[in-house]
Every structure is written in C-alpha cells, then in structure tokens.
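Numbering (the numbering used here), first residue to last: 321 to 520. First the structure, in the form of structure tokens, and then the observations on it.
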Amino acid sequence: MSVGGSSAYAGMEDLPRLVKAALAAAAEEGFDNSCAPQQGRLLSLLAAGQVGRSIGETGTGCGVGLVWMLEAAGPSTSITSIELDPHRAERSAGLFAGCPNVTVLNGDWSGLRAHGPFDLLVLDGGGKGKNVGDDPPLDPTDGWVAMGGTVVLDDFTPAGEPGAPLHDPVRDYWLGHPALRTTELRLSPTLATLVGMRVR
C-alpha cells in the first residue's frame with residue numbers, strides 16, 4: 321500500500337481492464353493508498369509463477385494489487401485477501417463477484433493465516449510485516465508461507481537513498497530471517513520491495 325499509489329496511475333493507458341475498474345473504485349472512495357504501478361507490475365510477474373497455486377494478501381484496499389495478481393495468475397489460482405475497513409472490503413468483494421477463485425475477507429490481518437499457508441504472500445497494508453518492537457513481525461514459517469513459497473513486502477525507501485534509515489530493524493528482520501532467502505528490489509528511486517523465498 322503506497323501513499324499516493326492510486327494517483328500515480330494518472331495518464332497511464334496500457335492498464336488491464338480490471339486494474340482500471342479497481343482504480344475507478346479507489347477514486348470514488350477517495351482512497352489514494354493503492355499499490356504503486358511498479359509494485360503492481362512486480363506482483364503480476366510473481367503471480368504468473370503461481371498459476372494453480374495459492375496467493376494471500378493483507379490490505380485489500382480497493383483491490384488494485386489483487387487485480388494485478390488475478391490478471392496474471394488466472395482462474396485456477398486461489399487468491400484470498402483481507403481488508404480491515406468493512407466498506408472497502410465489501411466494495412472489493414463486489415468487484416470480484418464473478419471470480420469464484422477470489423475471496424475478499426473483512427477483518428484484521430491475522431485472520432488471513434487460517435487460509436494459509438500460501439505459495440505467494442503479499443504483506444500489503446496492515447499486519448506485522450513492517451512493525452517491530454515488543455510485538456515483532458509475523459513468522460512466515462508459522463502457517464503463513466508454504467515451503468518454497470514467496471513473501472513480498474512493499475513501500476520501503478531504497479537502501480542508501482535519502483530518507484532510508486541507516487539501521488532498519490524491519491528490513492533487517494526479513495533480510496536476515498533464517499528460513500528465508502530475501503533480497504531488496506529497487507522499483508524506482510524512491511520505492512523498494514523485499515522479496516523472500518522460504519527455504520526451510
């Protein structure tokens with residue numbers, strides 16, 4: 321979920337039909353925190369490798385990121401997304417009413433775990449992906465990510481760029497998790513995403 325993510329699509333014409341529909345819903349709702357276009361294309365690429373498997377997402381928003389994945393993964397792939405805001409959850413569920421392989425839940429991020437483990441888990445929006453401290457980020461091996469599966473976290477400032485912390489405990493957690501092989505992908509001068517594969 322990116323601040324200004326929805327408006328970043330302004331002027332783009334070569335977008336999938338359902339992406340345009342989700343963006344229109346976001347505009348009507350005044351919701352400008354959809355995933356950025358660069359992140360959407362990355363999600364599309366990753367979802368294309370999960371055809372016939374299982375994808376999970378926290379933070380549905382108005383469904384923009386979800387649409388990018390659905391367009392690439394197709395109808396044989398089970399996709400489950402959870403959204404805390406009941407109105408957005410209902411609106412997004414309506415957008416995917418004709419897609420029996422897509423389930424949009426209303427609830428706290430933790431409710432998604434009951435539908436895992438996932439072959440692709442996108443920690444977008446709420447959840448413990450980017451929270452640290454006394455309540456650390458979720459453990460991807462605890463029913464969240466299948467063996468060999470992939471976890472994705474967006475909205476990082478690229479390491480070394482102005483605004484990126486010298487010591488980022490969240491970034492360190494995911495890059496150093498013993499069950500994952502994780503790397504940082506720079507999507508733009510101001511946007512980076514962490515992508516990790518579960519190896520144990």
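In this text, a Cβ means the ideal position worked out from N, Cα and C, and glycines have one as well.
DSSP, read as helix, strand or coil, puts E348 in helix. Residue burial is scored here from C-beta neighbours: P485 has fewer than 16 other C-beta atoms within 10 angstroms and is therefore classed as exposed. For L365, the uninterrupted alpha helix (DSSP H) segment begins and ends at 357–368. Residue range 384–393 is occupied by the alpha helix (DSSP H) that includes V384.
Each residue's CA atom was taken as its position, placing G431 and W464 some 11 angstroms apart. Taking C-beta atoms under 8 angstroms as the contact rule, A330 and G381 fail to qualify, at a distance of about 17 angstroms. If you look at R408, you'll find it in the alpha helix (DSSP H) that goes 406–415. Annotation for G372: S396, T397 place their beta carbon closer than 7 angstroms to its own, counting only its chain and skipping 5 residues before and after.
With respect to Q359, L511 sits close: the two C-beta atoms are nearer than 9 angstroms. Counting the other Cβ atoms within 10 Å of the Cβ of D439 gives 16 or more, which makes it buried. Our two residues, A434 and R337, have alpha carbons roughly 31 angstroms apart in a direct line.
Spanning the alpha carbons of A479 and M517 requires a straight line of approximately 20 angstroms. With at least 16 other beta carbons inside 10 angstroms of its own, T502 counts as buried. With fewer than 16 neighbouring CB atoms inside 10 Å of its own CB, A344 falls in the exposed class. Counting C-beta atoms within 10 angstroms of its own C-beta, A417 has fewer than 16 neighbours from the protein chains shown and is therefore classed as exposed. Rounded to whole angstroms, L505 and L365 show a C-alpha spacing of 13 angstroms.
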